[in-house]
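Enquirer: What follows is a single structure, and I will ask about it in a moment.
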Amino acid sequence: MLRKLAGIVLLCWVFTLPAWGGDYGIFIRDASLIRRNDVHFINAEVEYQLGPTALEALENGVPLTLLLEFSIRRVRDYWLDETLLDEQRRIQLRYHPLAKTYQIRDQVSGAMQSFASLTTVLDTLSRVRGWQIDDSYELDPGQRYVAVLSMRLDIESLPLPLRAIAYVTPDWHLLHPSFEWPLNP
911 MLRKLAGIVL
921 LCWVFTLPAW
931 GGDYGIFIRD
941 ASLIRRNDVH
951 FINAEVEYQL
961 GPTALEALEN
971 GVPLTLLLEF
981 SIRRVRDYWL
991 DETLLDEQRR
1001 IQLRYHPLAK
1011 TYQIRDQVSG
1021 AMQSFASLTT
1031 VLDTLSRVRG
1041 WQIDDSYELD
1051 PGQRYVAVLS
1061 MRLDIESLPL
1071 PLRAIAYVTP
1081 DWHLLHPSFE
1091 WPLNP
């Protein structure tokens, strides 16, 4: 009985570790969906607070992948919201120790940029501009819709030996609540 209780306490402790992550995270300060020439784009302002463990891994050449997720949902009062659109974008952040340069790469388009300092990289990443999204969805007048944007560090993209450590180390949990805003049809 005592072993079972100890196991439950240990399990609860492991699942609460991410909550102790301090001030580290990815904070979406503002986001908007704009329409230009019948094409929809997402713009967002983001703040990155990387933990010391993630920074150390980056400085040692471990690539970090940021996962951006965007969805449009129809709000329903008596049922779960209906997802009309769900898109993802992955951006890889990498440091090259020999060249002492940082590099970001959009894993969908393949576009790459190089930078001399981490501050410049994070400043560039803080402005999400012109992310073109699929506009095959339709918004009906009289319905309520919300746009939802979230960002997180993709732990699954880390090298295998780091994944287990990353799951239980608070510094790796760079997740912040999603940013939601209403959409008008």
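Take the sequence shown: its letters are residues 911 to 1095, numbered as in my numbering.
The C-beta atom is built at its ideal place from N, Cα and C for all residues, glycine as well.
1. Leaving aside the five residues before and after residue 1093 along the sequence, list all residues of the same chain whose C-beta is less than 8 Å from its C-beta, in chain order.
2. Should residue 1008 go down as buried or exposed, given a rule of 16 or more other Cβ atoms within 10 Å for buried?
3. Quick check on DSSP: helix, strand or coil for residue 975?
4. Closest to residue 967 by CA distance: which of 1073, 1045, 937 and 1089 is it?
5. Please state the DSSP three-state secondary structure of residue 1064.
6. What is the DSSP secondary structure of residue 934, counted as helix, strand or coil?
7. Do residue 945 and residue 978 have their beta-carbon atoms positioned less than 9 Å apart in this structure?
8. Here's a check: name, in chain order, each residue in its chain whose Cβ is nearer than 7 Å to the Cβ of residue 1079, leaving out the five neighbours to either side.
9. Do residue 949 and residue 1045 come within 9 Å of each other at the CB atom, strictly closer than that value?
10. Quick check for students: name the residue ranges of the alpha helix (DSSP H) that lie wholly in the stretch 1048-1095, counting only runs of 4 or more.
11. Where do the N-terminal and C-terminal ends of the beta strand (DSSP E) with residue 1003 fall, by residue?
12. Given a cut-off of 9 Å on the beta-carbon distance, is the pair residue 995 and residue 938 in contact?
Expert: The short version:
1. As a first step, residue 1093 must be located in the sequence shown, where it is residue number 183. If the five residues before and after residue 1093 are omitted, its C-beta is found closer than 8 Å to the C-beta atoms of 943, 982, 1049, 1055, 1056 and 1057, all from its own chain and listed in chain order.
2. Residue mapping note: residue 1008 aligns to position 98 of the sequence shown, counting from 1. Result: exposed.
3. What you label residue 975 is simply residue 65 of the sequence shown in a count that begins at 1. Reduced to three states, the DSSP call for residue 975 is strand.
4. As a first step, residue 967 must be located in the sequence shown, where it is residue number 57. The candidate whose alpha carbon is nearest that of residue 967 is 1073.
5. One-based indexing of the sequence shown puts residue 1064 at position 154. Three-state DSSP puts residue 1064 in coil, outside helix and strand.
6. Here residue 934 refers to the residue found at position 24 of the sequence shown. Looking at residue 934 - three-state DSSP - the assignment turns out to be coil, as it is neither helix nor strand.
7. Along the sequence shown, read from residue 1 onward, the residue named residue 978 stands at position 68. Along the sequence shown, read from residue 1 onward, the residue named residue 945 stands at position 35. Judged by beta-carbon spacing, residue 945 lies beyond the 9 Å limit of residue 978, meaning their Cβ atoms are not closer than that value.
8. The residue given as residue 1079 occupies position 169 in the sequence shown. Hits under 7 Å: 963.
9. Translated into the one-based positions of the sequence shown, residue 1045 becomes position 135. Translated into the one-based positions of the sequence shown, residue 949 becomes position 39. With contacts defined by Cβ atoms closer than 9 Å, residue 1045 and residue 949 form a contacting pair.
10. Fully enclosed alpha helix (DSSP H) runs of 4 or longer: 1070-1078.
11. Looking up residue 1003 in the sequence shown gives position 93. Element bounds for residue 1003: 992-1006.
12. Position 85 of the sequence shown, counted from the first residue, corresponds to residue 995. Position 28 of the sequence shown, counted from the first residue, corresponds to residue 938. The answer is no: Cβ separation not under 9 Å.
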